[in-house]
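In what follows, a structure is listed as structure tokens, so that the remarks can point back to it.
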Amino acid sequence: MEQIGEFVVLAYHDVRDAASLHGHFKRRGIDAAVIDAAYIISRLHLAVALHRITRRVFTMDSNKENNKENNKTIISGGVGQKSSPTARDVFAALSHTRNLDRVLRSLTCSETTTAVVIVLCAPSAEHIAGVVSTVSGVQHELSALPTYTKEAAVREFYGVNSSETSLVTTTATRREIGGEMAGLEVTVVNRLATNDI
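Residue numbering for the sequence shown follows the working numbering, beginning at 7 and increasing consecutively.
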């Protein structure tokens with residue numbers, strides 16, 4: 007279990023019945039994004055996506071009182087009053103498109119999913135305990151995420167071709183993740199970070 011900003015993230019492998027986890031959590035009143043780990047490259051990938059949910063909109067008005075009133079937060083790609091993010095917001099933040107149906111079809115768990123990433127926003131200790139007691143699998147650190155990533159699935163989801171990833175040569179990320187996955191991580195993170203500009 008790790009914390010990224012206001013989010014708590016748990017990662018599991020050897021999970022049995024991953025496709026039903028969302029339903030179990032919903033019945034217990036736990037709003038959690040249950041993501042197929044095949045699509046998550048690294049902790050950085052998650053951190054950039056989760057930051058997209060909580061970042062502030064900048065205003066150009068010199069009137070300070072007006073700026074205070076206009077300090078809003080982006081949730082699911084739209085401007086609204088700051089509220090607690092939901093699982094849908096997490097899925098939307100992981101996408102570089104606005105097609106939430108496609109995102110939910112791709113990133114949610116299927117019958118064959120055996121590794122998951124579970125994201126909770128500012129959860130209570132009770133909700134964290136509920137997740138831990140519900141998941142039947144082996145918990146691992148986020149640093150192990152590349153082990154469970156399916157490069158072809160990530161490339162297809164984000165529309166990344168090999169010429170884009172070959173531009174990354176020697177970086178700390180390449181040494182940390184290794185090989186082509188480093189280039190893929192850089193490309194995906196850049197897409198997410200610059201998507202709303």
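Just so it is clear, CB atoms sit at the ideal spot from N, CA and C, and this is done for glycine as well.
Rank Tyr164, Gly35, Ala25 and Tyr154 by C-alpha distance to the C-alpha of serine 130 and give the top, closest one. Taking the first residue of the sequence shown as 1, we reach residue 130 at position 124. Residue Gly35 is the option with its Cα nearest to serine 130.
Which residues does DSSP list as the beta-bridge partners of alanine 38? As a first step, residue 38 must be located in the sequence shown, where it is residue number 32. Beta-bridge pairing links alanine 38 to Leu126.
Would you check if the stretch 157-165 and the stretch 13-32 touch, i.e. whether three or more CB-CB distances between them fall below 8 Å? no
DSSP on leucine 16, reduced to helix/strand/coil? In the sequence shown, residue 16 corresponds to position 10, counting from 1. Three-state DSSP puts leucine 16 in a strand.
Helix, strand or coil: how does DSSP classify valine 141 here? Stepping through the sequence shown from its first residue, residue 141 is reached at position 135. DSSP places valine 141 in coil when its eight states are reduced to three.
For glycine 189, count the other beta carbons within 10 Å of its own beta carbon; 16 or more makes it buried, fewer makes it exposed. Which is it? As a first step, residue 189 is located in the sequence shown; it is residue number 183 there, counting from the start. Its Cβ being crowded by 16 or more others within 10 Å, glycine 189 is buried.
Histidine 146 by DSSP, collapsed to three states: which one? Numbered from its first residue, the sequence shown carries residue 146 at position 140. Three-state DSSP puts histidine 146 in a strand.
What residue range does the alpha helix (DSSP H) around isoleucine 59 cover? On the sequence shown, position 53 is the one that residue 59 refers to. Start and end: 49-60.
For the stretch 90-97 against the stretch 36-53, do three or more pairs of beta-carbon atoms, one drawn from each stretch, fall closer than 8 Å, so that the two count as touching? yes
For threonine 65, three-class secondary structure by DSSP: Position 59 of the sequence shown, counted from the start, is the residue given in the question as residue 65. Reliability fails at threonine 65, whose pLDDT of 33 lies under 50, so the model's placement of it is uncertain and no value is given.
Just checking my contact of serine 142 with valine 21 at CB under 8 Å: how many whole Å lie between their CB atoms? Position 136 of the sequence shown, counted from the start, is the residue given in the question as residue 142. Position 15 of the sequence shown, counted from the start, is the residue given in the question as residue 21. Contact check for serine 142 and valine 21: beta-carbon distance about 7 Å, within the 8 Å limit, so the pair qualifies.
Do glutamate 12 and alanine 128 count as a contact pair if the criterion is CB distance below 8 Å? Position 122 of the sequence shown, counting from 1, holds the residue named residue 128. Position 6 of the sequence shown, counting from 1, holds the residue named residue 12. Result yes, Cβ atoms of alanine 128 and glutamate 12 sit closer than 8 Å.
Counterpart residues of glutamate 8 in DSSP-defined beta bridges: Counted from its first residue, the sequence shown places residue 8 at position 2. Beta-bridge pairing links glutamate 8 to Val15.
Please report the residue range of the alpha helix (DSSP H) in which threonine 153 lies. If you number the sequence shown from 1, residue 153 lands on position 147. Residues 151-154.
The alpha helix (DSSP H) spanning tyrosine 164 covers which residue range? Along the sequence shown, one-based indexing puts residue 164 at 158. Per DSSP, tyrosine 164 belongs to the alpha helix (DSSP H) from 157-164.
Alpha-carbon to alpha-carbon, tyrosine 18 and leucine 52: Against the sequence shown, residue 52 aligns to sequence position 46. Against the sequence shown, residue 18 aligns to sequence position 12. Rounded to the nearest whole angstrom, the CA to CA distance from leucine 52 to tyrosine 18 is 15 Å.
Span of the alpha helix (DSSP H) holding alanine 93? Residue numbering aside, residue 93 sits at position 87 when the sequence shown is read from its first letter. First-last of the alpha helix (DSSP H) with alanine 93: 93-99.
Here's a check: name, in chain order, each residue in its chain whose Cβ is nearer than 6 Å to the Cβ of phenylalanine 31, leaving out the five neighbours to either side. Taking the sequence shown and counting its residues from 1, one reaches residue 31 at position 25. The answer, listed in chain order, is Ala38.
On the three-state DSSP scale, how would you describe alanine 135? As a position in the sequence shown, residue 135 is number 129, starting the count at 1. In this structure, alanine 135 counts as helix in the three-state DSSP scheme.
Taking buried to mean at least 16 other C-beta atoms within 10 Å of its own C-beta, is glutamate 191 buried or exposed? The residue labelled residue 191 in the question sits at position 185 within the sequence shown. By the 10 Å Cβ count, glutamate 191 comes out buried.
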